[in-house]
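Taking it in order: structure first as structure tokens, then the write-up.
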Amino acid sequence: MRVLVVEDEAGLRDAVSTSLREEHYAVDEASDGKIGLIKAKQWNYDAIVLDLMLPNIDGWEFLQELRKSHETPVLILTARDGVEDRVKGLDLGADDYLCKPFSLAELSARIRALIRRANGQATTEIVIGRVTIDTAKRTVLKEGQMVDLTAREYTLIELLALNQGSLVSRSMVYDHVFDENEDSLSNLVDVHIYNIRKKLGKDFVTTRRGHGYIVETPRSS
Amino acid sequence: MKRHAPPDVVVGGKKSNRSLYQPVRNFTKSIAWRLQFWHATILFCVVVGLSTLWFLQARRARLNAIDAELLSAARVLDGSLRGFPFITSAPRESSPVPILTRHGHQRLSLPRENVDREDGKLPPYLAIWLSDGRLLRSARVPENVVVKFQESMARSGFSVQQRDALREVRIVGPRGSQILVGRDLTAELGELRRLAFQIIAFATCISSAGLFGGWWLARAVLRPISAMSDAASRFSVADMSPRIDVVETDSELGELATILNGAFDRVDQSFDQQRQFAADASHELRTPLAVIQSQIELALKKERTSAEYAKTLAVCASAGDRLSDLVDSLLTLARLDAGEKPAIRTPVRLDLVAAKCIDLMRPLAEHADVKLEGDFGTAVVLGDRKQLERAVLNLLKNSIEYNHRDGSVELVVEASETTAELIVRDTGIGISEEELVRVTKRFYRVDKARTRQQGGSGLGLSIAEQIIETHGGTFQISSELGRGTTTSVRIPVCDQKR
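Here you go:
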């Protein structure tokens, strides 16, 4: 899952991004509103963490601009804790609001919830046939057995599972699994898919040549 | 963060926004009652006095008219009497009372019109005595009335006598005779009584109208006052919206209401400013705090390399510095806000202060590649050297930080007879016109990204301005976007002769 962190305070941006990266998110950073908005419009992020007091374009304007074209879930992270500010933020199209100072654990839980809800998932568990995916613990069980996965593999499985029954194109994979610093021309995706098949069974992912990948919804028999 | 509701907002589950104003309990102490009381007393006295005067005047006028009438009748009789032989010839001792002929009777009668009265008043009666007291003639004297000759009456003039409802005028006729003309005044007295009743009724009407008017007036006058008390008592920290409805702006009460509303506005405004300041301060304090907390949480999540720990600590240290700077600035401002005059007021050489500040700022200027120049003439002002230093440092810091590479900052101190002027001129990024008015506002930053990085709090100019103001000086900023900013500070010079 790919997240954009827009925050002008370097120390804070660094802490949030590092923390999210350690939880295996692909994280892009922006230090002001203008750059943040360009990035937010360019990529389909799974979530955006947005400070309100930003240079160039402030958080309110950012939200208004973004909401004209994108429905990306936005979590406002700000030191303004007034009720009016929160109401204004949520009314302008923010999905969640967290006040500084905050706990990184809470921030990551809220981001998980945002992504889950955006994908129409009410709980943290996704069950596909014999495979159970826990998005909170970031674990995958196959027939009750924990499957050993790398962070990238897990993220890819989560992306496919959240889109189960529909096609996930290669560019979608690049958008959501890798961050802006990685080379999208490599055949990394194929390698990861190969490994996932090895670990979860050949029929877990179907390749649609030239289109992408799909996790079929198992027919209830 | 838990927020405490203001304690006075909720009372017994109801909003205590209701009026605390209670009308005066002891009614007799209220202004309305006192006004009413005095008004009624004065009104009563005036009405009773005027009515009495009116009645007495009317009565006297009527009686005078009657007396004149009776007197003229008596004089006519007196004239007639002079023509009789028993009057003209000398009186003889013990001569019998002359017998009047029919003609004589007629001559000694009152005129016809006086006899036949149409208005129901009784006609006058008369009695004539000779000088020895023997009755010559009497006519129409009421039955139960006895008229008597009066001894020792003055030779000239007349006397008026009131007996019950009878009024009699008596004059001395020729040769010591006496003529009396009288009348029964029952009808007139009845009329006067009716008049009295009319006056009493009229006075009662006037009094009640006056009392009602007074009551209405007192209420009308006092209603705005209770409205004011009501609005003033509803005005509280929880709700600063109540204002007094000003109906008549020109009246004294309207003026008072306007003044009170103005006071409310000012309280509201300064409270708003304070609230805004608290919100901004909390925002500024939270940001470095958030940096410290999140960095520490991140570091503690798992084992890190020593380089990572060092980086975390460095970030935390700089955030800590920012916090302590901020707290320092906030405390300075709070002290200046409290209106504290400079504790030490000694003559200070402003030029020396400026020179010291230039020295202190040189490393920062070199770091930013900004040329720092000074040109000082001797200027002595009265004040606190440390505070003045702080103000000048803040101005210089702004000029250096909001500058281009290879820019310059010039600090000039000049003194005239009355004022010392300190000018900071820079070739910096400048401030646009609409930002110029906000630039001394607390926490306002012209370039938000730039100062954040350099740890500016947005309080520097506010502090400088406050310090200059407590020194009785003025503060002026002019700027051109892209060209630079000039800040000019004028402080009255210290009179060294004293």
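Line by line, the protein sequences are chains A and B. Read in order, the letters of the first sequence are residues 35 to 255 in the numbering used here. Read in order, the letters of the second sequence are residues 59 to 556 in the numbering used here. Virtual Cβ for every residue (Gly too), placed ideally from N, Cα, C. Treat the numbers as computed from the prediction; the structure is a model and nothing was measured.
query, result
"Touching by the beta-carbon criterion (3+ pairs, under 8 Å), the stretch 208-224 of chain B and the stretch 263-272 of chain B", "no"
"CB-CB length for valine 83 of chain A against leucine 124 of chain A, believed under 8 Å", "Not confirmed; about 15 Å, so no contact."
"Every unbroken beta strand (DSSP E) within the stretch 210-252 of chain A, with a cutoff of 3 residues, ordered by chain", "240-242 and 246-248"
"From B:Thr110, B:Ser490, B:Leu519 and B:Ile89, residue whose alpha carbon lies closest to that of threonine 390 of chain B", "B:Leu519"
"Segments assigned beta strand (DSSP E), at least 3 residues, entirely inside the stretch 79-166 of chain A", "81-84, 108-112, 130-133 and 159-162"
"Histidine 226 of chain A beta carbon less than 9 Å from that of arginine 172 of chain A", "no"
"Range of the contiguous beta strand (DSSP E) that encloses phenylalanine 293 of chain B", "Taken as a continuous stretch (DSSP letters only), phenylalanine 293 of chain B belongs to no beta strand (DSSP E), as it is neither H nor E."
"C-beta neighbour in chain A for cysteine 374 of chain B, strict 9 Å", "yes"
"Alpha-carbon to alpha-carbon, tryptophan 187 of chain B and serine 235 of chain B", "5 Å"
"Presumed contact (8 Å Cβ cut-off) between alanine 522 of chain B and alanine 449 of chain B, rounded CB distance", "4 Å"
"Minimum C-alpha distance to glycine 540 of chain B - residue among B:Ile145, B:Glu491 and B:Phe501", "B:Glu491"
"Under 9 Å by beta carbon: chain B residues contacting valine 137 of chain A", "Note on residue identity: the sequence assigns serine, not valine, to residue 137 of chain A. In chain order: Gln351, Ser352 and Glu355."
"Boundaries (first-last residue) of the beta strand (DSSP E) holding isoleucine 229 of chain B", "224-230"
"Beta bridge counterpart(s) of arginine 548 of chain B as assigned by DSSP", "B:Glu479 and B:Thr532"
"Those residues which DSSP pairs with lysine 176 of chain A across a bridge", "A:Val165 and A:Gln179"
"Residues of its chain near serine 53 of chain A, where Cβ-Cβ distance is below 8 Å and the 5 sequence neighbours each way are ignored", "Leu138, Leu141 and Ser142"
"Residue-level contact to chain B via CB, alanine 49 of chain A, 9 Å cutoff", "yes"
"Identified DSSP bridge partners for glycine 240 of chain B", "B:Tyr183 and B:Glu226"
"Closer than 8 Å at the beta carbon, the chain B residues around threonine 52 of chain A", "Leu356"
"Proximity below 9 Å, CB of valine 406 of chain B to CB of phenylalanine 434 of chain B", "no"
"In DSSP terms, what glutamine 220 of chain B is bridged to", "B:Arg225"
"Neighbour list for histidine 341 of chain B in chain A, Cβ cutoff strictly below 9 Å", "Met87, Thr112, Ala113, Arg114, Asp115 and Lys134"
"Beta-ladder partner(s) of valine 438 of chain B, from DSSP", "B:Arg407"
"Between the CA atoms of arginine 204 of chain A and lysine 75 of chain A - distance to the nearest angstrom", "19 Å"
"Residues near tryptophan 273 of chain B by beta carbon distance below 7 Å, same chain, minus five either side", "Gln94"
"Nearest-angstrom Cα separation, counted from phenylalanine 212 of chain A out to tyrosine 90 of chain A", "Reading off the sequence, residue 90 of chain A comes out as asparagine, not tyrosine. Their backbone Cα atoms lie some 28 Å apart in a straight line."
"As assigned by DSSP and simplified to three states, the class of alanine 197 of chain B", "strand"
"Outcome for histidine 341 of chain B when other beta-carbon atoms lying within 10 angstroms are tallied against a minimum of 16", "buried"
"9 Å Cβ cutoff, isoleucine 526 of chain B in contact with chain A", "no"
"Valine 497 of chain B in three-state terms, based on DSSP", "coil"
"Length of the line joining the Cα atoms of arginine 277 of chain B and phenylalanine 102 of chain B", "20 Å"
"Contact between the stretch 176-183 of chain A and the stretch 143-153 of chain A (3+ Cβ pairs under 8 Å)", "no"
"Outcome for arginine 221 of chain B when other beta-carbon atoms lying within 10 angstroms are tallied against a minimum of 16", "exposed"
"Test: arginine 57 of chain B CB closer than 9 Å to a CB of chain A", "Shown here, chain B extends from 59 to 556; a query on residue 57 of chain B therefore has no answer."
"8 Å Cβ cut-off: residues of chain B touching glycine 178 of chain A", "Here the premise fails: no neighbours, minimum Cβ distance about 28 Å."
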